[in-house]
Every structure is written in structure tokens, then in C-alpha cells.
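S.K.:
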Amino acid sequence: MMNLFSLDTNRHDDMIEITDTIKQYIQSSNVTEGIAVISSLHTTAGITVNENADPDVKHDFLQRLQEVFPWEHTKDRHAEGNTAAHLKTSAVGHAQTVIISGGRLVLGTWQGIYFCEFDGPRSRKYTVQILSSEKGES
37 MMNLFSLDTN RHDDMIEITD TIKQYIQSSN VTEGIAVISS LHTTAGITVN ENADPDVKHD
97 FLQRLQEVFP WEHTKDRHAE GNTAAHLKTS AVGHAQTVII SGGRLVLGTW QGIYFCEFDG
157 PRSRKYTVQI LSSEKGES
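The numbering used here puts the first residue of the sequence shown at 37, with every later residue one more than the last.
Structure (C-alpha cells):
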């Protein structure tokens with residue numbers, strides 16, 4: 037079972053927590069054992085699992101990515117000028133897989149799932165595919 041989700045980003049670089057949306061979708065699926073695959077449908081936006089307790093982690097995460105992949109680079113040839121966003125997405129990844137057990141996402145105490153915007157603001161889409169490991173389910 038798969039669902040398409042949409043969101044609007046507000047900043048050039050941002051991390052938007054989508055954990056609660058995914059939890060609600062899993063609850064509505066009635067799947068108690070399996071996995072959830074969360075995937076961005078964009079080449080300049082990714083998905084990651086990271087700390088959701090301290091907002092400074094998001095700030096530091098995005099700042100460090102900017103240091104590694106600066107927006108201004110004189111040798112980039114990509115006509116759109118957003119090579120840094122493509123590199124950040126490749127480094128972070130476009131998807132994450134999270135275990136479902138007891139009808140809940142298996143995440144650590146401080147973990148959340150984030151949609152990472154690297155070329156915003158934009159309207160974005162991501163999918164959540166739930167694969168059940170219960171007997172007779174798929």
C-alpha cells in the first residue's frame with residue numbers, strides 16, 4: 037500500500053519533520069508488522085532520520101551541508117545553477133526505510149523523519165510505501 041503526500045517548503049534549505057504524518061498513515065493502514073519506505077520524488081530534496089528534540093541539530097546539519105556543498109561554485113556547468121542541491125540530496129539520500137512493529141514506527145527516543153529541502157521554496161511530494169510482513173498480507 038502506497039500513498040502520495042504533498043508539502044510546501046518555505047526556505048531555500050530546510051528540514052521539515054514528517055514523522056507524525058507517517059505515523060498516522062501507518063495507523064490507518066492497520067499494518068502491525070513490516071516496513072515503511074519513505075521516498076522523495078525530487079532530485080533536489082531528500083529524506084533523513086535525525087534528532088527531533090533539539091532544533092539546533094537541524095540548523096547545524098544544514099549549515100554543515102552548506103559548508104561541504106556551497107551554493108556558489110564557479111566551475112559548475114549545470115544550467116539551473118542548483119548543483120549544490122543535487123549533491124546534498126545524493127549525500128542525504130532520497131529515501132529511508134523504517135521498521136514497523138506493534139503498529140508503530142521503530143524509532144529511537146530522539147529520532148524523527150525529515151523531508152530535506154535543498155532548492156526551495158517549492159511544492160514537493162513524497163511517497164510512503166508500507167510493506168507488511170504479516171502472514172497473508174503484502
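C-beta atoms are modelled at their ideal positions from N, C-alpha and C, and glycine is treated no differently.
Bear in mind that the values here come from a model prediction, so they are computed numbers and not experimental data.
Looking at the secondary structure, which residues open and close the beta strand (DSSP E) in which D44 lies?
M.R.: 38 to 44
S.K.: Quick one: give me the first and last residue of the alpha helix (DSSP H) that A127 is part of.
M.R.: 119 to 128
S.K.: For the alpha helix (DSSP H) that contains K59, what are its first and last residues?
M.R.: 55 to 65
S.K.: In angstroms, rounded to a whole number, what distance separates the CA positions of V67 and S159?
M.R.: Their backbone Cα atoms lie some 29 angstroms apart in a straight line.
S.K.: In the DSSP assignment, find the unbroken alpha helix (DSSP H) run with E103 in it and report its ends.
M.R.: 91 to 104
S.K.: Given a cut-off of 8 angstroms on the beta-carbon distance, is the pair A131 and S75 in contact?
M.R.: yes
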